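S.K.: What follows is a single structure, and I will ask about it in a moment.
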Amino acid sequence: MKTVITYGTFDLLHWGHVRLLERAAKLGDKLIVGVSTDEFNAEKHKEAYHSYEHRKYILEAIRYVDMVIPESSWDQKISDVKKYHVDTFVMGSDWEGQFDFLKPYCEVIYLPRTEGISTSQIKADLDK
């Protein structure tokens, strides 16, 4: 069984997020999603509209997602890869190179972002 993991805040869930999850799931047999906790988002100076519990609930309802875990620090990725026996780590291409430190532990893949959609763009459009 091949296990894939990805991480994110997944606030204001949109079709770009779902497409990322779909493509990540196709790379293995099990997809784990690490969701940034509210406390970790505060540490990153990032504000989410939905609480961690609500974002987790939404992700658990998506058919591509097999397990949702809390992401509470930048440093947990190596321990998560080991703990969950992860074969492949996946992130969007906007993070290209940022997680190459995981290459001794698993395959690292940066998937191209979905054109025409982003949470930042949604927020900007709503502010107009």
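Heads up: the sequence shown begins at 0 in numbering that gives the first Met the number 0, then just goes up one per residue.
Every residue, glycine too, gets a C-beta built ideally from N, C-alpha and C.
If you're wondering where the values come from, they're calculated on a predicted model, not measured in any experiment.
(1) Across which residues does DSSP place Y48 in a beta bridge pair?
(2) Using only the alpha-carbon positions, how far apart do M90 and L19 sit?
(3) What span of residues does the alpha helix (DSSP H) with L101 cover, start to end?
(4) Using CA coordinates, which residue listed in I77, T36 and D126 is at the minimum distance from V107?
(5) Does A60 pass the burial test, meaning 16 or more other C-beta atoms within 10 Å, or should it be called exposed?
(6) Measure the CB-CB distance between L12 and V32 and report whether it falls below 8 angstroms.
(7) From which residue to which residue does the alpha helix (DSSP H) around L20 run?
M.R.: Quick answer:
(1) Taking the sequence shown and counting its residues from 1, the one referred to as residue 48 is at position 49. Partner(s): none; Y48 has no beta bridge.
(2) In the sequence shown, counting from the first residue as 1, residue 90 sits at position 91. In the sequence shown, counting from the first residue as 1, residue 19 sits at position 20. Roughly 8 angstroms between the two C-alpha positions.
(3) Sequence index remark: in the sequence shown, residue 101 carries index 102 (1-based). Per DSSP, L101 belongs to no alpha helix (DSSP H) and is neither H nor E.
(4) Here the question's residue 107 lines up with position 108 in the sequence shown. When only C-alpha atoms are compared, the closest one is I77.
(5) Taking the sequence shown and counting its residues from 1, one reaches residue 60 at position 61. So A60 ends up on the exposed side.
(6) In the sequence shown, the residue the question calls residue 12 occupies position 13. In the sequence shown, the residue the question calls residue 32 occupies position 33. No, Cβ-Cβ distance for L12 and V32 is not below 8 angstroms.
(7) Along the sequence shown, read from residue 1 onward, the residue named residue 20 stands at position 21. Start and end: W14 to A24.
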